[in-house]
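Structure, as C-alpha coordinates:
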Amino acid sequence: MNGAWGVKRNYHAHAKEMGGEAPSTPNFFFMPPTAVVEADKQGNVAMSLGNSENQIEHEVELVVKLGKHNKPVLMAIGCDTTDRTIQAEAKRKGISWIEAKGFPGAAVIGTWVPYKSGEYEIGLTVNGELRQISNTSLMIHSVEVLISALSEKENLIEGDLIFTGTPAGVGSLTPGDKVKAWLKDDQQSIMSYFLAICK
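Residue numbering for the sequence shown follows the working numbering, beginning at 322 and increasing consecutively.
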(Lines of atoms letter the chains of each structure in order from A and count residues from 1; the text may use other names and numbers.)
(Lines give C-alpha, C1' and ligand atoms only; values in the text may rest on other atoms or scores of the structure.)
Protein backbone atom coordinates (compact mmCIF):
# COMPACT_ATOMS: atom_id res chain seq x y z
CA MET A 1 0.00 0.00 0.00
CA ASN A 2 1.17 3.52 -0.76
CA GLY A 3 1.67 6.26 1.76
CA ALA A 4 -0.25 9.52 1.96
CA TRP A 5 0.64 13.18 1.87
CA GLY A 6 -1.25 15.84 3.79
CA VAL A 7 -1.24 19.58 3.26
CA LYS A 8 -1.11 22.05 6.13
CA ARG A 9 -3.74 24.79 6.47
CA ASN A 10 -5.41 24.72 3.07
CA TYR A 11 -8.57 26.48 4.32
CA HIS A 12 -8.37 30.00 5.75
CA ALA A 13 -10.97 29.22 8.44
CA HIS A 14 -8.95 26.29 9.77
CA ALA A 15 -5.73 28.31 9.74
CA LYS A 16 -7.52 30.96 11.81
CA GLU A 17 -8.92 28.49 14.35
CA MET A 18 -5.42 27.05 14.80
CA GLY A 19 -4.06 30.52 15.52
CA GLY A 20 -1.96 30.93 12.40
CA GLU A 21 -1.88 32.07 8.82
CA ALA A 22 -2.31 29.94 5.72
CA PRO A 23 0.98 29.54 3.83
CA SER A 24 1.23 31.20 0.42
CA THR A 25 2.56 27.96 -1.06
CA PRO A 26 1.49 24.41 -0.11
CA ASN A 27 3.33 22.86 2.83
CA PHE A 28 3.16 19.07 3.09
CA PHE A 29 3.69 16.28 5.61
CA PHE A 30 3.92 12.51 5.09
CA MET A 31 1.86 9.66 6.52
CA PRO A 32 3.32 6.15 6.07
CA PRO A 33 1.40 3.22 4.56
CA THR A 34 0.71 1.84 8.05
CA ALA A 35 -1.34 4.97 8.79
CA VAL A 36 -3.74 4.38 5.89
CA VAL A 37 -6.97 2.46 6.48
CA GLU A 38 -9.73 2.24 3.87
CA ALA A 39 -13.45 1.62 4.30
CA ASP A 40 -15.10 -1.47 2.88
CA LYS A 41 -17.74 -1.22 0.14
CA GLN A 42 -20.39 -0.48 2.76
CA GLY A 43 -18.34 2.43 4.11
CA ASN A 44 -17.42 0.77 7.39
CA VAL A 45 -13.91 1.36 8.66
CA ALA A 46 -11.91 1.03 11.88
CA MET A 47 -10.82 4.35 13.37
CA SER A 48 -7.81 4.15 15.65
CA LEU A 49 -7.09 6.95 18.10
CA GLY A 50 -3.54 5.87 18.86
CA ASN A 51 -2.84 6.98 22.43
CA SER A 52 -6.37 7.93 23.46
CA GLU A 53 -5.05 9.53 26.66
CA ASN A 54 -3.73 12.33 24.45
CA GLN A 55 -5.79 15.04 22.75
CA ILE A 56 -6.96 13.33 19.55
CA GLU A 57 -8.87 15.35 16.94
CA HIS A 58 -10.68 14.74 13.65
CA GLU A 59 -9.92 16.60 10.41
CA VAL A 60 -12.32 15.81 7.55
CA GLU A 61 -10.77 16.13 4.09
CA LEU A 62 -11.12 15.38 0.39
CA VAL A 63 -8.62 12.64 -0.52
CA VAL A 64 -7.37 11.94 -4.03
CA LYS A 65 -5.49 8.94 -5.37
CA LEU A 66 -2.93 9.41 -8.11
CA GLY A 67 -2.71 7.34 -11.26
CA LYS A 68 -0.08 7.37 -13.96
CA HIS A 69 1.75 10.63 -14.68
CA ASN A 70 0.51 12.06 -11.35
CA LYS A 71 -3.07 12.37 -12.62
CA PRO A 72 -5.84 12.14 -9.99
CA VAL A 73 -7.96 9.07 -10.77
CA LEU A 74 -10.03 8.45 -7.63
CA MET A 75 -11.39 10.55 -4.79
CA ALA A 76 -12.97 9.90 -1.40
CA ILE A 77 -13.87 11.53 1.87
CA GLY A 78 -11.22 11.04 4.51
CA CYS A 79 -10.18 11.93 8.04
CA ASP A 80 -6.69 12.96 9.04
CA THR A 81 -6.85 11.85 12.68
CA THR A 82 -4.36 13.95 14.63
CA ASP A 83 -2.66 13.59 18.02
CA ARG A 84 -2.55 17.25 19.08
CA THR A 85 -0.50 16.43 22.18
CA ILE A 86 2.35 15.03 20.11
CA GLN A 87 1.86 17.62 17.37
CA ALA A 88 2.25 20.50 19.84
CA GLU A 89 5.54 19.04 21.05
CA ALA A 90 6.72 18.52 17.46
CA LYS A 91 5.89 22.13 16.60
CA ARG A 92 7.77 23.35 19.67
CA LYS A 93 10.84 21.33 18.70
CA GLY A 94 10.53 22.08 14.98
CA ILE A 95 10.49 18.39 14.03
CA SER A 96 8.37 16.16 11.77
CA TRP A 97 4.68 15.64 12.50
CA ILE A 98 4.82 11.97 11.50
CA GLU A 99 4.16 10.63 15.02
CA ALA A 100 1.19 13.00 15.40
CA LYS A 101 -0.42 12.24 12.05
CA GLY A 102 1.13 8.97 10.97
CA PHE A 103 0.28 6.52 13.75
CA PRO A 104 -1.37 3.24 12.63
CA GLY A 105 -4.90 3.87 11.39
CA ALA A 106 -4.66 7.67 11.49
CA ALA A 107 -5.39 8.26 7.80
CA VAL A 108 -9.00 7.11 7.37
CA ILE A 109 -10.48 6.89 3.86
CA GLY A 110 -14.08 6.34 2.81
CA THR A 111 -15.50 4.73 -0.31
CA TRP A 112 -13.70 5.57 -3.55
CA VAL A 113 -15.32 7.13 -6.63
CA PRO A 114 -13.78 8.23 -9.94
CA TYR A 115 -12.11 11.62 -9.70
CA LYS A 116 -13.88 14.56 -11.27
CA SER A 117 -12.79 18.15 -10.84
CA GLY A 118 -15.53 20.15 -9.15
CA GLU A 119 -16.85 21.73 -5.97
CA TYR A 120 -17.90 19.28 -3.28
CA GLU A 121 -19.41 19.45 0.18
CA ILE A 122 -17.37 17.70 2.85
CA GLY A 123 -18.76 17.08 6.31
CA LEU A 124 -18.36 15.08 9.50
CA THR A 125 -20.51 14.26 12.51
CA VAL A 126 -19.56 12.74 15.85
CA ASN A 127 -22.33 10.87 17.69
CA GLY A 128 -24.83 12.64 15.42
CA GLU A 129 -23.47 16.13 16.18
CA LEU A 130 -22.36 18.14 13.16
CA ARG A 131 -18.72 19.09 13.71
CA GLN A 132 -17.39 20.06 10.28
CA ILE A 133 -19.05 21.12 7.04
CA SER A 134 -17.56 23.10 4.18
CA ASN A 135 -16.98 23.08 0.45
CA THR A 136 -13.83 22.25 -1.48
CA SER A 137 -14.29 25.50 -3.42
CA LEU A 138 -12.88 27.17 -0.29
CA MET A 139 -9.55 25.36 -0.55
CA ILE A 140 -6.71 27.85 -0.91
CA HIS A 141 -4.78 25.57 -3.26
CA SER A 142 -6.72 23.38 -5.70
CA VAL A 143 -6.11 19.68 -6.21
CA GLU A 144 -4.18 20.42 -9.39
CA VAL A 145 -1.98 23.00 -7.65
CA LEU A 146 -1.30 20.61 -4.77
CA ILE A 147 -0.25 17.81 -7.11
CA SER A 148 2.00 20.13 -9.09
CA ALA A 149 3.65 21.55 -5.98
CA LEU A 150 4.15 18.15 -4.36
CA SER A 151 5.53 16.56 -7.51
CA GLU A 152 8.22 19.24 -7.61
CA LYS A 153 9.40 18.16 -4.15
CA GLU A 154 8.77 14.42 -4.10
CA ASN A 155 9.01 11.46 -6.47
CA LEU A 156 5.34 10.51 -6.55
CA ILE A 157 4.23 7.11 -7.79
CA GLU A 158 0.97 5.59 -8.97
CA GLY A 159 -1.32 4.94 -6.01
CA ASP A 160 0.00 7.72 -3.78
CA LEU A 161 -2.65 9.58 -1.79
CA ILE A 162 -3.10 13.28 -1.08
CA PHE A 163 -5.21 14.58 1.81
CA THR A 164 -6.14 18.06 0.61
CA GLY A 165 -6.64 19.89 3.91
CA THR A 166 -9.39 20.37 6.48
CA PRO A 167 -11.87 23.21 7.04
CA ALA A 168 -12.75 24.72 10.40
CA GLY A 169 -14.46 22.75 13.15
CA VAL A 170 -11.84 20.22 14.17
CA GLY A 171 -12.65 18.63 17.52
CA SER A 172 -11.80 15.90 19.97
CA LEU A 173 -12.48 12.17 19.69
CA THR A 174 -12.69 9.55 22.42
CA PRO A 175 -13.03 5.75 22.33
CA GLY A 176 -16.57 4.69 21.47
CA ASP A 177 -17.42 7.80 19.45
CA LYS A 178 -19.37 7.16 16.26
CA VAL A 179 -18.01 9.14 13.33
CA LYS A 180 -19.73 9.68 10.00
CA ALA A 181 -18.20 11.63 7.11
CA TRP A 182 -19.34 12.33 3.56
CA LEU A 183 -18.54 13.89 0.22
CA LYS A 184 -21.53 15.35 -1.67
CA ASP A 185 -21.87 16.78 -5.17
CA ASP A 186 -23.68 20.02 -6.06
CA GLN A 187 -26.98 18.11 -6.14
CA GLN A 188 -26.42 17.00 -2.53
CA SER A 189 -25.99 13.39 -3.60
CA ILE A 190 -23.56 11.43 -1.42
CA MET A 191 -20.60 10.30 -3.50
CA SER A 192 -18.29 8.95 -0.81
CA TYR A 193 -18.75 8.25 2.89
CA PHE A 194 -17.50 6.32 5.87
CA LEU A 195 -18.92 5.14 9.19
CA ALA A 196 -16.57 4.40 12.05
CA ILE A 197 -16.45 3.67 15.75
CA CYS A 198 -13.37 5.06 17.47
CA LYS A 199 -11.10 2.60 19.24
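Note that beta-carbon positions come from the ideal geometry of N, C-alpha and C, so glycine has one too. Note that the structure is predicted; figures quoted are calculated from it, not measured.
Taking only runs of the alpha helix (DSSP H) that begin and end inside the segment 413 to 474, which ones reach a length of at least 4 residues, in chain order? 419 to 422 and 464 to 474
I need the DSSP call for A356, collapsed to helix, strand or coil. helix
How many Å lie between S438 and I398 at the Cα? 14 Å
L467 vs V328 beta-carbon contact at 8 Å: yes
G405 to G415, Cα distance in whole Å? For clarity, residue 405 is Arg in the given sequence; the question names Gly instead. One C-alpha to the other measures close to 15 Å.
With contact counted as at least three CB pairs below 8 Å, one residue from each stretch, are the segment 364 to 382 and the segment 509 to 519 in contact? yes
Using a Cβ-Cβ distance cut-off of 8 Å, determine whether E359 contacts chain B. Looking for chain B here will not work: only one protein chain is present.
Beta-carbon proximity list for A489, same chain, < 8 Å, skipping 5 on both sides: Y332, A334, H335, K337, E338, Q453 and S455
Backbone CA spacing between G388 and S369 [nearest angstrom]: 28 Å
Quick one: grab the DSSP three-state call for K392. coil
Whole-angstrom distance between M352 and P425, CA atom to CA atom: 9 Å
By Cβ distance, which residues of its chain are closer than 6 Å to A427, with the 5 residues on each side in sequence left out? A356 and T402
With a CB to CB cut of under 6 Å and the five nearest residues on each side skipped, what residues in its chain are close to V447? D498 and V500
Leaving out five residues before and five after A343 in sequence, what residues of the same chain have Cβ atoms less than 6 Å from its Cβ? R330, H333, A336 and I461
In terms of residues, what are the limits of the alpha helix (DSSP H) holding K337? H333 to E338
Of the listed residues K422, S345 and E374, nearest to E380 (C-alpha basis): K422
Count the other CB atoms, across all protein chains shown, that sit within 10 Å of the CB of P347; report buried if there are 16 or more and exposed otherwise. buried
Measure the Cβ-Cβ separation of K505 and E442 and say whether it is below 8 Å. yes
Check A502 in the structure and name its three-state DSSP category. strand
From the DSSP secondary-structure annotation, give me the bridge partner or partners of A517. V366 and V500
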